[in-house]
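Enquirer: First, the structure itself, so that you have it in front of you.
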Amino acid sequence: MSEIKVPFSYCKISRASNLLGCESTDLINLAIEGRIELCMMLDNFHCRILFKGSMEMADDWYSKLTFPSRVMRPLSGQTRAITKHSFIEFSNKKYFDSKELVTGVDIFNEEEGNGFIVGYAFAHGLWKVGVSVSGFEVNSTINNMFPGFSPCLSGDDCPVVQILPAKPFIENKETGRLRIDNLEFKASYDDLWITSYDIRRIIDSGYDFDSLSVLNNKGLPEFDNMGNINNQVIKSHPTAERHSKNRLDVVMAAINFKEKHQDAFKSECIKSDGSYNFTEWARQVLDRPALFPNCEIKIKSIDTVQGYISAIFKAPDERR
40 MSEIKVPFSY CKISRASNLL GCESTDLINL AIEGRIELCM MLDNFHCRIL
90 FKGSMEMADD WYSKLTFPSR VMRPLSGQTR AITKHSFIEF SNKKYFDSKE
140 LVTGVDIFNE EEGNGFIVGY AFAHGLWKVG VSVSGFEVNS TINNMFPGFS
190 PCLSGDDCPV VQILPAKPFI ENKETGRLRI DNLEFKASYD DLWITSYDIR
240 RIIDSGYDFD SLSVLNNKGL PEFDNMGNIN NQVIKSHPTA ERHSKNRLDV
290 VMAAINFKEK HQDAFKSECI KSDGSYNFTE WARQVLDRPA LFPNCEIKIK
340 SIDTVQGYIS AIFKAPDERR
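Here the numbering used here is used: the first residue of the sequence shown is 40, the next is one more, and so on.
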């Protein structure tokens with residue numbers, strides 16, 4: 040529909056804005072509205088992977104994954120493409136210790152309840168920025184961005200819901216307490232990337248941004264066996280995408296409350312034995328709309344919010 044050529048698979052938003060003749064803030068706005076995805080480039084990000092499904096489903100899913108076909112830098116042989124641009128090195132990297140080495144689907148070794156399992160591995164490539172992208176609407180630099188991501192251009196086929204930093208959860212196994220201090224980092228426009236898929240959607244819309252479909256409702260591209268976008272198939276998956284986003288919103292709100300309202304958290308959400316009071320934690324979070332994107336709370340049920348929070352923060356021996 041347009042003679043403008045897109046000579047790359049992805050680029051930083053500064054280059055995309057020059058190509059499109061718009062401002063970087065315009066792309067930020069589109070991402071906040073859910074009309075495009077903005078991503079960050081990860082390299083050896085040690086992460087906690089939340090997988091929607093059972094161990095058996097993970098085994099079947101993993102058996103169908105392939106090694107990334109379009110990567111210029113060296114990657115471990117344990118790396119697999121879970122989407123066209125998002126890769127996971129399915130390993131604990133203990134390659135010189137055969138007794139301790141864990142690879143493949145065996146990285147998934149925890150059950151979260153409510154149909155989720157957890158594994159620890161290393162992420163590479165482009166990963167979608169979650170609710171944190173809203174912070175770029177008023178500032179070109181965010182000093183306290185929390186590293187929570189989901190797969191780039193995943194559609195409804197990828198059961199990986201989100202990845203979070205692994206270190207605090209691994210330490211939680213040993214200590215029974217989860218500390219997320221010092222995980223926030225400084226990020227700027229220069230850290231944000233966009234795919235050619237979304238750039239072409241903007242071009243094909245005739246630069247009428249309001250006409251771009253909301254990805255949560257319209258769906259994301261399906262890829263053929265060669266990793267190419269099949270433009271003829273756009274799947275609809277509003278429920279799965281919406282639930283994943285709502286869950287992430289709750290988790291991020293819980294983390295922000297713990298870090299930014301420490302006095303209230305310690306007095307209301309810590310029991311006398313030092314364990315978490317998840318019901319009160321959920322209540323405190325729901326009482327603070329400012330913790331959520333656009334001050335909008337999509338989930339009102341204390342039980343549901345408590346379930347999301349406890350699934351992340353419970354000590355391993357407390358999980359059933």
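Where a beta carbon is used, it is the ideal one built from N, C-alpha and C, also for glycine.
(1) Quick check on L203: does DSSP put it in helix, strand or coil?
(2) What residues in its chain sit with their C-beta under 7 Å from that of E139, if we drop five residues either side in the sequence?
(3) Just how far apart, CA to CA, sit I294 and T64?
(4) According to DSSP, is D65 part of a helix, a strand, or is it coil?
(5) Just to confirm, are L59 and H124 a CB contact at a threshold of 8 Å?
(6) I'd like to know whether the C-beta atoms of S93 and I156 end up nearer to each other than 8 Å.
(7) Less than 7 Å between C-beta atoms, sequence neighbours within five positions excluded: which residues of the same chain meet that for A55?
(8) Nearest-angstrom Cα distance between L89 and G164?
(9) Would you kindly report the start and end of the unbroken alpha helix (DSSP H) that includes L58?
(10) Is the separation between the beta-carbon of R119 and that of F106 shorter than 8 Å?
(11) Which first and last residues belong to the beta strand (DSSP E) in which V168 is found?
(12) Quick one: what does DSSP say N285 is sitting in, helix, strand or coil?
(13) For N333, which three-state DSSP category applies?
(14) In chain order, what residues of the same chain have a beta carbon less than 7 Å from the beta carbon of V170, not counting five sequence neighbours either side?
(15) With I88 as the anchor, note down where its beta strand (DSSP E) starts and where it stops.
(16) How would you call G174, buried or exposed, if buried means at least 16 neighbouring beta carbons within 10 angstroms?
(17) Tell whether a beta-carbon distance below 8 Å holds between K167 and P198.
(18) Give every residue of the same chain whose Cβ lies closer than 6 Å to the Cβ of C86, excluding the five residues on either side of it in the sequence, and list them in chain order.
(19) Have a look at the DSSP bridge pairing and note the partners of I341.
(20) According to DSSP, simplified to helix, strand and coil, what is N178?
(21) Tell me the rounded alpha-carbon separation between F188 and N131.
(22) So K305 is in the alpha helix (DSSP H); what residue range does that whole segment cover?
(23) Looking at Q323: is its Cβ nearer than 8 Å to the Cβ of C334?
(24) If I follow the unbroken beta strand (DSSP E) through E319, where does it start and stop?
(25) Please classify K310 as buried or exposed, where buried requires at least 16 neighbouring CB atoms within 10 angstroms.
(26) At the level of alpha carbons, what is the spacing between S41 and F84?
(27) For K274 and Y236, what's the separation of their Cα atoms in angstroms?
Expert: Judging by the given coordinates:
(1) Translated into the one-based positions of the sequence shown, residue 203 becomes position 164. DSSP places L203 in strand when its eight states are reduced to three.
(2) If you number the sequence shown from 1, residue 139 lands on position 100. Contacts found: K133.
(3) By 1-based counting over the sequence shown, the position of residue 294 is 255. By 1-based counting over the sequence shown, the position of residue 64 is 25. Their Cα atoms are separated by approximately 27 Å.
(4) Indexing the sequence shown from 1 puts residue 65 at position 26. DSSP places D65 in helix when its eight states are reduced to three.
(5) Numbered from 1 along the sequence shown, position 20 holds the residue referred to as residue 59. Numbered from 1 along the sequence shown, position 85 holds the residue referred to as residue 124. In this structure, H124 does not lie closer than 8 Å to L59 by Cβ.
(6) Within the sequence shown, numbered from 1, the residue matching residue 93 stands at position 54. Within the sequence shown, numbered from 1, the residue matching residue 156 stands at position 117. Yes, these two residues count as a Cβ contact at 8 Å.
(7) The residue you call residue 55 lines up with position 16 of the sequence shown. For A55, where only same-chain residues beyond five positions count, the Cβ hits under 7 Å are L66, I233 and I238.
(8) For this step, residue 89 is matched to residue 50 along the sequence shown. For this step, residue 164 is matched to residue 125 along the sequence shown. The straight-line gap from Cα to Cα measures roughly 18 Å.
(9) Residue 58 sits at position 19 when you count from the first residue of the sequence shown. Start and end: I52 to L59.
(10) Here residue 119 refers to the residue found at position 80 of the sequence shown. Here residue 106 refers to the residue found at position 67 of the sequence shown. The answer is yes: Cβ separation under 8 Å.
(11) Counting from one through the sequence shown, the residue named residue 168 turns up at place 129. It spans F155 to V168 - the beta strand (DSSP E) in which V168 sits, taken as one unbroken run.
(12) Position 246 of the sequence shown, counted from the first residue, corresponds to residue 285. If DSSP states are grouped into helix, strand and coil, N285 belongs with the helices.
(13) Position 294 of the sequence shown, counting from 1, holds the residue named residue 333. Helix at N333.
(14) Within the sequence shown, the letter at position 131 stands for residue 170. Contacts found: L287, D288, M291 and P332.
(15) For this step, residue 88 is matched to residue 49 along the sequence shown. Counted as a single uninterrupted DSSP element, the beta strand (DSSP E) harbouring I88 occupies residues C78 to K91.
(16) Locating residue 174 in the sequence shown gives position 135, where the first residue counts as 1. Result: buried.
(17) The sequence position of residue 167 within the sequence shown is 128, counting from 1. The sequence position of residue 198 within the sequence shown is 159, counting from 1. Cβ distance not < 8 Å, so K167 and P198 don't count as in contact.
(18) The count along the sequence shown starts at 1 and reaches residue 86 at position 47. Short of 6 Å from the beta carbon of C86, and not among the five residues preceding or following it, lie these beta carbons of its own chain, in chain order: A162, I202 and A205.
(19) In the sequence shown, counting from the first residue as 1, residue 341 sits at position 302. In the DSSP assignment, no residue is bridged to I341.
(20) Translated into the one-based positions of the sequence shown, residue 178 becomes position 139. Coil, per DSSP.
(21) Counting from 1 along the sequence shown, the entry for residue 188 is found at position 149. Counting from 1 along the sequence shown, the entry for residue 131 is found at position 92. Distance between the alpha carbons of F188 and N131: 19 Å.
(22) Your numbering for residue 305 matches position 266 in the sequence shown. K305 -> alpha helix (DSSP H) spans Q301 to C308.
(23) Residue numbering aside, residue 323 sits at position 284 when the sequence shown is read from its first letter. Residue numbering aside, residue 334 sits at position 295 when the sequence shown is read from its first letter. The criterion of a C-beta distance shorter than 8 Å is not satisfied by Q323 and C334.
(24) For this step, residue 319 is matched to residue 280 along the sequence shown. E319: not part of any beta strand (DSSP E); member of the alpha helix (DSSP H) spanning F317 to L325, first to last residue.
(25) Position 271 of the sequence shown holds residue 310. Here K310 is exposed: its Cβ has fewer than 16 other Cβ atoms, across all protein chains shown, within 10 Å.
(26) The residue given as residue 41 occupies position 2 in the sequence shown. The residue given as residue 84 occupies position 45 in the sequence shown. Caution applies to S41, whose pLDDT of 48 falls short of 50 and renders its modelled position unreliable; the model cannot decide the point.
(27) As a first step, residue 274 must be located in the sequence shown, where it is residue number 235. As a first step, residue 236 must be located in the sequence shown, where it is residue number 197. Confidence in K274 is poor, its pLDDT being 37 and thus under 50, which makes the residue's placement unreliable; the coordinate value appears in the next sentence. Each residue's alpha carbon lies about 15 Å from the other.
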